[in-house]
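S.K.: Provided herewith is a single structure, encoded as structure tokens, for subsequent inquiry.
In the working numbering, the protein residues as written are 31 to 593.
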């Protein structure tokens, strides 16, 4: 028996290391995805937080970059997966297992498409999976042994989850909800207090930056209800967890509603809570497939337990899993070699951005809102780039960075739309790129506008409003607002949909002296063609200097349109 157990254990580590080696190879030969390049810039500027993410992925990339190239970016991601696979195995495997149990476990895991992607791609989901597995392991140990020994380990894991990805809090909440008696134990409150203390540096960063990440995730991503989002979510859920396997999980869940084994009970309930939570979230917009990646643990565990001691079930799972693995390995080969010459974010980056650098004379490039393009340009050319926040796109960490101030009075290339007049157009391996040259770059995006008498409502018909504005110029040069080069606009915006501009006819010209604050009173005529009565929209002020159209120069205010 000991010999069989040892043999099964050896087989486990042989398969686990073989999978890791496959991911190492994939990581080294596949070009960076868009978000990965963005996180590489995070890693160059380590901080306790970033506009749209907590800092753990930046630390992961930073620690791996003693190796050069894409493998260095992804190294800790690759090393994380065999650890959380092992933790899951420790949670669900009994004391005695056979080799066929190990084979079954791995073919089920390898049949999960999402584990193939996030086994080598450097995104926040990698540390999230690692620390979620650690939390779950210590949480189950705590429940089984009622020992305070596990409390500091749970607290560390919870804090690490918080530093990895904000949706990770759902793992902790749903795990506790899956076993409600845990709320009767004092230790869980001590754990919560310790983890909160460990999160204080990040929370202080959020406080310093006006809770920007929470505003973005809780409000800034809201969209109108669309029935397509529900169908998309259900379809993604099935695809991510394999359409040949996921229906079994649903059937197992209903059939074995009184599962006595603690780990499987918790994993099953967590999966249900995740599905219901994000199903409800569809009413506020698109749900990304990786948000429910933790459910992978539940799928593997439940299907493995269901099939391991039943020959017909075992054969079915083995057959559909092997078919799925062959297909997924095919996708991996395509991602590494691009045999069909496709244009996608992991293909042709080195050649495309080198073509842009050559066409612009190796100038720094300012991308209008395209933060991942700026990151990739920097990564693949080694040249300076900046993503100027743009009101027509979502904003990013570049809004908080001051990179463009380093380009003051220098020549830059500005990425513009293909229909921009006098633009230069080049054809890269990933499509057309259009730009203009600014021989003396003078940024205006950090001009601060305060609306001193903001209105809560605006009439849907034409209405003239008196507005009092305080405008601060933080730059070491004068800024001239006129009707030609730089204009001041009041805007009404529906995020993810449209923007309406209303010119503010200031004194012509209005000179904003360097480092000074100017107060103005101005009448503005507003008649929105797109805003609907009795609905609330974003509003605020911004300066435009074509081709620069930046993010708000003012705080974002809410305005209601009234009949």
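No residue lacks a Cβ here, since even glycine has one placed at the ideal position from N, Cα and C.
Note the first and the last residue of the continuous alpha helix (DSSP H) segment covering residue 216.
M.R.: First-last of the alpha helix (DSSP H) with residue 216: 216-228.
S.K.: Grouping DSSP H, G and I as helix and E and B as strand, with all else coil, what is residue 536?
M.R.: DSSP places residue 536 in coil when its eight states are reduced to three.
S.K.: According to DSSP, is residue 468 part of a helix, a strand, or is it coil?
M.R.: Note: residue 468 maps to strand in three-state DSSP.
S.K.: Give the secondary structure of residue 31 by DSSP, where H, G and I count as helix, E and B as strand, and everything else as coil.
M.R.: For residue 31, the pLDDT reaches just 44, beneath the cut-off of 50, and the residue's location in the model is therefore unreliable, although a value from the coordinates is still provided. The answer is coil: DSSP assigns residue 31 none of H, G, I, E or B.
S.K.: Check whether the Cβ atoms of residue 415 and residue 426 sit closer than 9 Å, and answer yes or no.
M.R.: No, these two residues do not count as a Cβ contact at 9 Å.
S.K.: Are there three or more Cβ pairs, one per stretch, closer than 8 Å when the segment 51-66 is compared with the segment 369-385?
M.R.: Verdict: yes, contact present.
S.K.: Return helix, strand or coil for residue 345, following the three-state DSSP convention.
M.R.: Residue 345: helix per DSSP, three-state reduction.
S.K.: How should residue 447 be labelled, buried or exposed, when 16 other C-beta atoms within 10 angstroms of its C-beta is the threshold for buried?
M.R.: That one is exposed.
S.K.: Measuring alpha carbon to alpha carbon, tell me which residue in 561, 522, 557 is nearest residue 568.
M.R.: If we check each option's Cα against that of residue 568, 522 comes out closest.
S.K.: If you follow the beta strand (DSSP E) that residue 486 is part of, which residue opens it and which one closes it?
M.R.: Run containing residue 486: none; DSSP gives neither H nor E here.
S.K.: Consider the C-beta atom of residue 442 and the heavy atoms of the ligand MN; say whether any pair is separated by less than 8 Å.
M.R.: As for the ligand MN, it is missing from this structure, which has no ligand bound.
S.K.: According to DSSP, what are the bridge partners of residue 517?
M.R.: Looking at the DSSP assignment, residue 517 forms a beta bridge with 574.
S.K.: Quick check: residue 538 and residue 508, are their CB atoms within less than 9 Å of each other?
M.R.: No, the Cβ-Cβ distance between residue 538 and residue 508 is not below 9 Å.
S.K.: Residue range of the beta strand (DSSP E) that residue 442 falls in?
M.R.: It spans 442-445 - the beta strand (DSSP E) in which residue 442 sits, taken as one unbroken run.
S.K.: Under 8 Å, with one C-beta from each stretch per pair, do the segment 397-414 and the segment 541-561 reach the 3-pair mark?
M.R.: Cβ pair count under 8 Å is below three, so no.
S.K.: Give the DSSP-derived three-state secondary structure of residue 44 in the structure shown.
M.R.: Correct three-state label for residue 44: helix.
S.K.: Please classify residue 640: is it buried, with 16 or more other beta-carbons within 10 angstroms of its beta-carbon, or exposed?
M.R.: With the chain running from 31 to 593 in the structure shown, residue 640 is simply not present.
S.K.: Taking contact to mean at least 3 C-beta pairs separated by less than 8 Å, is the segment 483-500 in contact with the segment 455-473?
M.R.: They do not touch, by the three-pair rule.
S.K.: To the nearest whole angstrom, what separates the beta carbons of residue 232 and residue 84, a pair I think is in contact under 8 Å?
M.R.: Confirmed, about 6 Å.
S.K.: On the criterion of 16 or more Cβ atoms from any shown chain inside 10 Å, does residue 82 qualify as buried, or is it exposed?
M.R.: Answer is buried; the Cβ neighbour count reaches 16.
S.K.: Can you check DSSP and say which residues form a bridge with residue 478?
M.R.: 502, per the DSSP bridge assignment.
S.K.: What residues match up with residue 159 in a beta bridge as DSSP calls it?
M.R.: Note: residue 159 sits in no beta bridge, so no partner.
S.K.: Should residue 406 go down as buried or exposed, given a rule of 16 or more other Cβ atoms within 10 Å for buried?
M.R.: Burial call: buried.
S.K.: Skipping 5 residues on each side, what residues in its chain have a beta carbon closer than 7 Å to that of residue 209?
M.R.: If we look at residue 209 and ignore the five residues flanking it on each side, its Cβ neighbours are 173, 296.
S.K.: Which value, in whole angstroms, describes the spacing of the CA atoms of residue 541 and residue 576?
M.R.: Each residue's alpha carbon lies about 18 Å from the other.
S.K.: How is residue 375 classed by DSSP in three states: helix, strand or coil?
M.R.: DSSP places residue 375 in coil when its eight states are reduced to three.
S.K.: Return yes when the Cβ of residue 46 is within less than 9 Å of the Cβ of residue 115, no when it is not.
M.R.: Yes.
S.K.: Considering Cα atoms alone, identify which of 143, 238, 72, 393 is closest to residue 327.
M.R.: Of the candidates 143, 238, 72, 393, the one whose C-alpha sits nearest the C-alpha of residue 327 is 143.
S.K.: Which value, in whole angstroms, describes the spacing of the CA atoms of residue 444 and residue 92?
M.R.: About 29 Å.
S.K.: Given 8 Å as the limit, is there contact between the segment 147-158 and the segment 193-201, that is, 3 or more CB pairs closer than that?
M.R.: Verdict: yes, contact present.
S.K.: Under a Cβ-count criterion, where at least 16 other Cβ atoms within 10 Å of its own Cβ denotes burial, should residue 102 be classed as buried or exposed?
M.R.: The residue is buried, with at least 16 neighbouring Cβ atoms inside 10 Å.
S.K.: Applying the criterion that 16 or more other CB atoms from any shown protein chain within 10 Å of the CB defines a buried residue, is residue 223 buried or exposed?
M.R.: Exposed: under 16 other Cβ atoms inside 10 Å.
S.K.: Using a Cβ-Cβ cutoff of less than 6 Å, which residues in the same chain neighbour residue 324 once the five nearest sequence positions on both sides are dropped?
M.R.: Counting only Cβ-Cβ distances below 6 Å, and skipping sequence neighbours, we find 162, 201.
S.K.: Buried or exposed for residue 237, going by 16 or more other Cβ atoms inside 10 Å?
M.R.: With fewer than 16 other Cβ atoms within 10 Å, it is exposed.
S.K.: Would residue 499 and residue 534 qualify as a contact pair, given that the criterion is a beta-carbon distance under 9 Å?
M.R.: Result yes, Cβ atoms of residue 499 and residue 534 sit closer than 9 Å.
S.K.: By the DSSP assignment, the beta strand (DSSP E) with residue 549 in it spans what residues?
M.R.: Residue 549 -> beta strand (DSSP E) spans 547-556.
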